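Visitor: First to last, the sequence lines map onto chains A and B. Quick note: the first sequence, position 310, residue 309 per numbering that gives the first Met the number 0, numbers continuous. Quick note: the second sequence, position 90, residue 89 per numbering that gives the first Met the number 0, numbers continuous. Before I ask anything, let me first share the structure, which is written out below as structure tokens.
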Amino acid sequence: MKPVAMRYIDEFRDLERAQQLTAAIAAEVEPGRRYRLMEFCGGHTHAIFRYGLADLLPAAIELIHGPGCPVCVLPMARIDHAIALAEQPNTILCSYGDMLRVPGSERRSLLHARAAGADVRLIHRVDETLQIARDHPEREVILFAIGFETTTPPTAVALQRAAAEQLPNWSLFCNHLLTPAAIRAILEAPEAQQPGGVAIDGILGPSHVSTIIGSRPYEFLAATYRLPVVIAGFEPLDILLSIRQLVAQLNSGRAVVENQYQRAVSRDGNRRAQQLMADHFTLRDRFEWRGLGWLPQSALAIHPNYQQFDAEQRFSIAVARRDEVKGCECPAILRGVKKPTDCRLFGRGCTPDQPLGACMVSAEGACAAYWHYGRFRQRPVGESVA
Amino acid sequence: MCLAIPAQVVAIDATGSEATVAVGGVQQQVSLALIDEVAMGDYLLIHVGYALNRIDPVAAEQTLALFAQMAALDSGATPPTDSDHLTGEGAA
């Protein structure tokens, strides 16, 4: 059967165009120069591996994988907190698929809690949790919400509806994170200042986060850090064109924010979605990120106007501090300091079927990308074929 | 988590708050709570059952035209610039 054409997808996966782009990049890189480019999003990391872009690019282009995987950066304590919420009597805890598989302490995930009797449900859309709450007025229904700015507006809509309906048995365990804060943290990390540390020459900026927040919030990267940024779509031609634009900026000594993903991203973003977020959430003073530590003003909490829907306030849960799995390099991988293949657990005890670390779980995690698409590669990323 | 796909509006419900979109022969019901003024035939970027934004067909054509233009030139040609969309304070 002939596959059905997918507009705005197929055109951006054209092989011939990809070859032309990589040839152009190869011709434009300056001899002897390295271009260390961080793709912030796990979606980019996966596209780079899935389409073999790393193998098509010249050796001068080194791709550093960023922490843009909300499942990966959520610390173990938050997973344990969610499991404890789910294990309360008379409770239904709902979340998106990936979140159910991430191991907390003692390698227990929400799926393990479900196997042991907790009512944990996989949702595809936040609205489902409202219906579950209406259908089960006698039970507490908790939405375990995670994600960057892409995923936050739908959660805001759910909170708005729950408040409008005064749903007494619906609450939100809020784990929404802010992208610009994480980029700043990587640039300010101690390793970044050291010789041989995670020096970055340019950034492939987030695609779908930027559809919401726009390209303006990245302008400090160009202004303060003199880093070129290109907001890049997730399709392979988008990524290659963005890399070419970064190379052009670096060659000419410019540092500006360019927007390659013009078909979906504007400078100002989606104002309606931003307003919904501003109305329903407030900045946390700080939040812990796996691998990056406690980052100031890097996550959202529920706005005081809606605090009766805050699962952190409604249920008192004490979570003990636990260490990460011994040997798991997730934290260093999330900072871009190590590659998945540097981890001694990679493929030995840690696989997508039995993940030990969060980077192996998610469809955006760097370890999962290496496992699915890169584990039989003969040479490390960025080394040339010739 | 941040994956989103472009899909075409094939039906809009009476309230205007939900639409049916299609991509690759698959249909899905999505919320229009985050965007204004959706029309039949629009392409929307769908994420966790919500339309995040409309795909701008003109901007998409411009990006595709860049690829076509590149194919017509030698690989040593001047790289594309994006002067209409340059932002930021750091330009040298």
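We put the CB at the ideal spot given by N, CA and C, even for glycine. Being a predicted model, the structure only gives us computed values, none of them experimental.
1. Applying a beta-carbon distance threshold of less than 8 Å, which residues of chain B neighbour T90/A?
2. If you reduce the DSSP assignment to three classes, tell me which class G41/A lands in.
3. Give me the subset of the stretch 91–105 of chain A whose CB atoms are less than 8 Å from a CB atom of chain B, sorted by chain position.
4. Which of the three DSSP states is assigned to P69/A in this structure?
5. Using three-state DSSP, classify Q28/B as helix, strand or coil.
6. If we cut at 8 Å on Cβ distances, does S16/B have a partner in chain A?
7. To the nearest angstrom, how far is the alpha carbon of D267/A from that of G146/A?
8. In terms of residues, what are the limits of the beta strand (DSSP E) holding P295/A?
9. What is the residue span of the alpha helix (DSSP H) that S251/A lies within?
10. Am I right that P136/A and N89/A are in contact with their C-beta atoms under 8 Å? What's the rounded C-beta distance?
11. Along the stretch 35–57 of chain B, where does the CB come closer than 9 Å to a CB of chain A? Name the residues.
12. With DSSP run on the structure shown, which of helix, strand or coil describes E257/A?
13. Check the C-beta distance from I230/A over to T149/A and give it rounded, since I have them as a contact under 8 Å.
14. Mapping the DSSP letters down to three states, classify L85/B as helix, strand or coil.
15. How would you label W288/A, buried or exposed, when you count the other beta carbons within 10 angstroms and need 16 or more for buried?
16. If you drop the 5 nearest sequence neighbours on each side, which residues of the same chain put their C-beta closer than 8 Å to that of A10/B?
17. Note down, one range per segment and in chain order, each alpha helix (DSSP H) of at least 4 residues found wholly within the stretch 174–235 of chain A.
18. Looking at chain B, is there any beta carbon in it that lies within less than 8 Å of the beta carbon of E23/A?
19. To the nearest angstrom, report how far apart V119/A and G335/A are at their CA atoms.
20. By alpha-carbon positions, which one of S170/A, D200/A, Q273/A, P189/A ends up nearest to P216/A?
21. Using the DSSP secondary-structure output, state which residues sit across from C349/A in a beta bridge.
22. Assess contact between the stretch 233–247 of chain A and the stretch 180–191 of chain A, defined as three or more Cβ pairs (one per stretch) separated by less than 8 Å. Is contact present?
23. Give a yes or no on contact between the stretch 251–271 of chain A and the stretch 39–53 of chain A, applying the rule of three or more CB pairs nearer than 8 Å.
24. What residues are listed by DSSP as bridge partners for A300/A?
25. Could you give the first and the last residue of the continuous alpha helix (DSSP H) run that contains P57/A?
26. Which residues of chain A have a Cβ atom closer than 7 Å to the Cβ of V22/B, listed in chain order?
27. Just grab the DSSP bridge partners of I91/A for me.
28. Y7/A by DSSP, collapsed to three states: which one?
29. Under a three-way DSSP split, which group does E328/A fall into?
30. So V37/B and L31/B are in contact, right, with Cβ under 8 Å, and what is the actual spacing, rounded?
31. Tell me the DSSP secondary structure of P153/A in three-state form.
Guide: This is what the structure holds:
1. In chain order: nothing, as chain B lies at least about 22 Å away.
2. helix
3. Y95, D97
4. helix
5. strand
6. no
7. 20 Å
8. 292–295
9. 235–251
10. Not quite, the Cβ-Cβ distance comes to about 11 Å (not below 8 Å), so this is no contact.
11. D35, Y42, L44, H46, V47, G48, Y49, L51, N52, R53, I54, D55, P56, V57
12. strand
13. That belief does not hold up - the Cβ atoms of I230/A and T149/A are roughly 13 Å apart, past 8 Å.
14. Only weak support is given to the placement of L85/B: the predicted model assigns it a pLDDT of 46, under 50, and the value that follows is read from those uncertain coordinates. It is coil, neither helix nor strand.
15. buried
16. A18, T19, M39
17. 178–187, 189–192, 207–212, 218–224
18. Per the sequence shown, the amino acid found at residue 23/A is Ala instead of Glu. Judged by the 8 Å Cβ criterion, A23/A is in contact with chain B.
19. 33 Å
20. Q273/A
21. F345/A
22. no
23. no
24. T281/A
25. Premise fails: P57/A is in no alpha helix (DSSP H) and is neither H nor E.
26. M5
27. D118/A, V140/A
28. coil
29. coil
30. 5 Å
31. helix
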